[in-house]
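Take a look at the structure set out below.
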Amino acid sequence: MIALIDGDILTYRIGFAYNDEGFALARHMLGETIQNICEELETEDFELFITGKTNFRNDYAVTEPYKGNRKGDKPVHYDALRDYMLEIGAVLVEEQEADDAIAIRATELGDDCYMVSIDKDFDQIKGWHYIGIKIGGLTVTDLIEYVPQGEMTEEAL
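Spelled out as structure tokens, the structure:
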């Protein structure tokens with residue numbers, strides 16, 4: 001089994017949790033979080049995905065900019081955390097978002113992977129879903145579930 005990890009979620013969760021701390025601690029917590037995910041899923045194999053600067057959706061968003069309603073606030077260590085993820089082998093996804101790349105990869109792997117994200121877009125993807133992301137020893141939520149083809153989780157309904 002391979003853990004397909006949404007690095008965008010980790011960047012924001014860890015970044016904001018350690019905004020007032022030094023980068024060394026934020027980087028340590030990122031590594032520890034990835035390790036916790038793998039331990040809990042009983043796998044050493046993971047693929048980490050982060051979104052690049054380009055997205056095809058920007059070309060189709062004509063009424064308003066894509067995600068134009070979101071605040072521009074980013075964690076203090078945003079760029080440094082992303083650079084660290086690239087150093088440890090993260091895939092930088094261009095022309096789409098990290099969750100799109102994870103969904104495509106999960107479709108290729110079938111039941112041989114876990115999708116690790118709290119993003120609700122994954123509720124429409126068949127397979128193993130893990131949203132029990134531990135940060136600093138705290139579990140955000142503890143859930144591993146299997147979503148059959150064509151069904152959604154209760155949270156998505």
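Under the working numbering, the first residue of the sequence shown is numbered 1, with each subsequent residue one higher. All residues carry an ideal CB built from backbone N, CA and C; glycine is no exception.
- Just so you know, the alpha carbons of tryptophan 128 and cysteine 113 end up roughly 7 Å apart.
- Put simply, of Gly72, Ile88 and Arg27 the residue whose alpha carbon is nearest the alpha carbon of leucine 48 is Ile88.
- Selection Ile37, Arg13 and Asn36 evaluated against alanine 26 yields Arg13 as nearest (Cα-Cα).
- Closest in alpha carbon position to glycine 31, among Gln124, Glu94 and Leu81, is Leu81.
- Alanine 90: not part of any beta strand (DSSP E); DSSP gives it neither H nor E.
- In the three-state scheme derived from DSSP, where H, G and I count as helix and E and B as strand, isoleucine 2 is classed as strand.
- Just so you know, the alpha carbons of isoleucine 102 and threonine 43 end up roughly 17 Å apart.
- The beta carbon of tyrosine 78 is closer than 7 Å to those of Thr11 and Gly15 in its chain, skipping five residues each way along the sequence.
- If the five residues before and after cysteine 38 are omitted, its C-beta is found closer than 7 Å to the C-beta atoms of Ala3, Glu44 and Phe46, all from its own chain and listed in chain order.
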